[in-house]
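Asks: Once you've had a glance at the structure underneath, I'll fire off some questions.
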Amino acid sequence: MCGLGNQRATADDWFIMHTPQFIMHTPQIPSRSGNRVLRRVALASGLVIASVGAFAATAGAHVTINPSEVPAGGFAVVRFQVPNESETASTVKVEIAMPEGVVIPFVLVKAEGDWKVTTERTKLATPVKTEDGELTEVVSKVTFEGGAIAPGHFEIFDIQLGPLPDTAGEVLAFPTIQTYDNGDVSRWIDRVVEGQPRPEAPTPLLALGEAGDDHHSSSSASDDSHSDSHALGIVGIVLGALGTTAGAAALVRTRRKA
Numbered sequence: 060m061c062g063l064g065n066q067r068a069t070a071d072d073w074f075i076m077h078t079p080q081f082i083m084h085t086p087q088i089p090s091r092s093g094n095r096v097l098r099r100v101a102l103a104s105g106l107v108i109a110s111v112g113a114f115a116a117t118a119g120a121h122v123t124i125n126p127s128e129v130p131a132g133g134f135a136v137v138r139f140q141v142p143n144e145s146e147t148a149s150t151v152k153v154e155i156a157m158p159e160g161v162v163i164p165f166v167l168v169k170a171e172g173d174w175k176v177t178t179e180r181t182k183l184a185t186p187v188k189t190e191d192g193e194l195t196e197v198v199s200k201v202t203f204e205g206g207a208i209a210p211g212h213f214e215i216f217d218i219q220l221g222p223l224p225d226t227a228g229e230v231l232a233f234p235t236i237q238t239y240d241n242g243d244v245s246r247w248i249d250r251v252v253e254g255q256p257r258p259e260a261p262t263p264l265l266a267l268g269e270a271g272d273d274h275h276s277s278s279s280a281s282d283d284s285h286s287d288s289h290a291l292g293i294v295g296i297v298l299g300a301l302g303t304t305a306g307a308a309a310l311v312r313t314r315r316k317a
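Heads up: the sequence shown is residues 60 to 317, going by my numbering.
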């Protein structure tokens, strides 16, 4: 490795420290520099651990909708991000209810992996006319089950909605119920009231903005997907740096004992 061929690598040959930004090789570190090296290793480890901790805090958030705001009156692809907040159980069922009292004529669902999708429909008191004919019932709830979200992980469920109400400024609530394989249930149904403390289990919300003020939601979801992939790539680099830094520290300790 590192051009050494079959030669045995020791701390006197190479000391390798990885960070997300660079790889630094320092040949033949004198023993009197050991303390300085350990301080550098500790600093690098601290930075990596802080980055991982920040990501873990983000991943442990509530059920959320992304984007949180879409143009009123149009179609939108929104992403429900569902984290698993249990340390021992896996999420095996997610139920997402459509906003009460709001007619959304078309609801299309994207199934991922092992997740099976079922929908419940409700008859309309007054049929709605659409370009495809008269609509007498709409989807009132979408259920995902058959898959699993392991502890420390999250899943994203994409749903296309439309046409949305054309009342800019309105906020739509999507009560969500999350069921674990040990029987525990998280009910994300608490009402969010402006000016009051955020509830422990807030209902996922989708705000309707002025038409044309935002990107088309399909594009937003695509951009978000790219951002998610980029973020996960960075996390992978950070985790690799953490492991390599720990290995470097072990090499230095071994050399000092020798």
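Just so it is clear, CB atoms sit at the ideal spot from N, CA and C, and this is done for glycine as well.
Cutting at 8 Å between CB atoms, please list the residues of its own chain near residue 19, excluding the five before and the five after it.
Replies: Residue 19 cannot be examined here, being either before or after the span of the chain that is shown, 60 to 317.
Asks: Measuring only the C-alpha atoms, how far is residue 119 from residue 181?
Replies: Bear in mind that the predicted position of residue 119 carries a pLDDT of just 46, short of 50, making it too unreliable to give a figure here.
Asks: So, under 8 Å CB-CB, residue 150 and residue 237 are touching, yes? Tell me the CB distance rounded to an integer number of Å.
Replies: Going by Cβ atoms, the distance from residue 150 to residue 237 rounds to 6 Å, so yes, they are a contact pair.
Asks: For residue 255, does the three-state DSSP call read helix, strand or coil?
Replies: Residue 255 falls in the coil class under three-state DSSP.
Asks: Where does residue 268 sit, in a helix, a strand or coil, going by DSSP?
Replies: Reduced to three states, the DSSP call for residue 268 is strand.
Asks: Could you tell me the alpha carbon to alpha carbon distance between residue 218 and residue 252, rounded to whole angstroms?
Replies: Cα-Cα distance, rounded: 25 Å.
Asks: List, from N- to C-terminal side, the beta strand (DSSP E) runs of 3 residues or more that fit wholly inside the stretch 162-204.
Replies: 165-168, 175-189, all fully within the stretch 162-204.
Asks: Take every Cβ of the stretch 223-230, pair it with every Cβ of the stretch 164-184, and state whether three or more of those distances are shorter than 8 Å.
Replies: No, the stretch 223-230 is not in contact with the stretch 164-184.
Asks: Taking the straight line between their C-alpha atoms, what separation do you get for residue 191 and residue 134?
Replies: Rounded to the nearest angstrom, the two C-alpha atoms are 15 Å apart.
Asks: Using DSSP bridges, identify the partner residues of residue 260.
Replies: For residue 260, which the question treats as bridged, DSSP gives no partner whatsoever.
Asks: Less than 7 Å between C-beta atoms, sequence neighbours within five positions excluded: which residues of the same chain meet that for residue 170?
Replies: Around residue 170: 176.
Asks: Is DSSP giving residue 206 helix, strand or coil here?
Replies: Three-state result, residue 206: strand.
Asks: For residue 263, count neighbouring Cβ atoms within 10 angstroms of its own Cβ and tell me buried if that reaches 16, exposed if not.
Replies: Result: buried.
Asks: Is residue 125 closer than 8 Å to residue 211 when the C-beta atoms are compared?
Replies: Going by C-beta atoms, residue 211 is not nearer than 8 Å to residue 125.
Asks: Tell me which same chain residues have a C-beta within less than 8 Å of the C-beta of residue 270, skipping the five on either side of it?
Replies: Excluding sequence neighbours, residue 270 sits near 130, 131, 132, 133, 225, 227.
Asks: Based on the DSSP output, what are the partners of residue 218 in its beta bridges?
Replies: In DSSP, residue 218 forms a bridge with 137, 168.
Asks: In whole angstroms, what is the alpha-carbon distance linking residue 258 and residue 266?
Replies: If I take the Cα positions, the gap works out to 18 Å.
Asks: Compute the Euclidean distance between the alpha carbons of residue 155 and residue 162, then round it to the nearest angstrom.
Replies: C-alpha separation (whole angstroms): 15 Å.
Asks: Pull up the distance between the alpha-carbon of residue 127 and that of residue 243, whole angstroms please.
Replies: Distance between the alpha carbons of residue 127 and residue 243: 28 Å.
Asks: Around the Cβ of residue 146, are there at least 16 other Cβ atoms within 10 angstroms (buried) or fewer (exposed)?
Replies: Counting Cβ neighbours within 10 Å, residue 146 comes out exposed, since fewer than 16 surround it.
Asks: Exposed or buried, which one is residue 202 when buried takes at least 16 other CB atoms within 10 Å?
Replies: With 16 or more other Cβ atoms within 10 Å, it is buried.
Asks: From residue 152 to residue 239, what distance separates their C-alpha atoms?
Replies: Residue 152 and residue 239: Cα-Cα distance of roughly 7 Å.
Asks: Of the residues 172, 196, 173, 188, which one's Cα is nearest the Cα of residue 179?
Replies: Among 172, 196, 173, 188, the Cα nearest to that of residue 179 belongs to 196.
Asks: So is residue 214 buried or exposed if we call it buried at 16+ other beta carbons inside 10 Å?
Replies: It counts as buried.
Asks: Residue 331 lies in the beta strand (DSSP E); which residues open and close that run?
Replies: Residue 331 lies beyond the residue range present for the chain, which begins at 60 and ends at 317; the question has no answer from this structure.
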